[in-house]
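*Asks:* In this note's numbering, the protein residues as written are 20 to 69. For each residue, glycine too, the CB sits at the ideal point set by N, CA and C.
Set out below in structure tokens:
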């Protein structure tokens, strides 16, 4: 989901998360609001697991 290889550093995980959240935040994707909301939630869940 975060698009990083296994064993990535915490800094790499955080950086990838922040970049993807900016891309998929529902407020920034009004044209594809449903897809954006789904991806945003997936990102949050994946980050919480790590």
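How should residue 58 be labelled, buried or exposed, when 16 other C-beta atoms within 10 angstroms of its C-beta is the threshold for buried?
*Replies:* Translated into positions along the chain shown, residue 58 becomes position 39. Its Cβ being crowded by 16 or more others within 10 Å, residue 58 is buried.
*Asks:* In this structure, how does DSSP classify residue 60 when only helix, strand and coil are distinguished?
*Replies:* As a first step, residue 60 must be located in the chain shown, where it is residue number 41. Reduced to three states, the DSSP call for residue 60 is helix.
*Asks:* Kindly indicate which residue of 22, 32, 60 has the alpha-carbon position closest to the one of residue 44.
*Replies:* Within the chain shown, the letter at position 25 stands for residue 44. Checked all of 22, 32, 60; the closest Cα to residue 44 is 60.
*Asks:* With a 10 Å radius around its C-beta and 16 neighbouring C-beta atoms as the bar for buried, classify residue 69 as buried or exposed.
*Replies:* If you number the chain shown from 1, residue 69 lands on position 50. Classification for residue 69: exposed.
*Asks:* Starting from the C-beta of residue 65, find all residues in its chain whose C-beta is less than 6 Å away, skip the five residues before and the five after it, and write them out in chain order.
*Replies:* Here residue 65 is taken as the residue at index 46 of the chain shown, counted from 1. Around residue 65: 20, 21.
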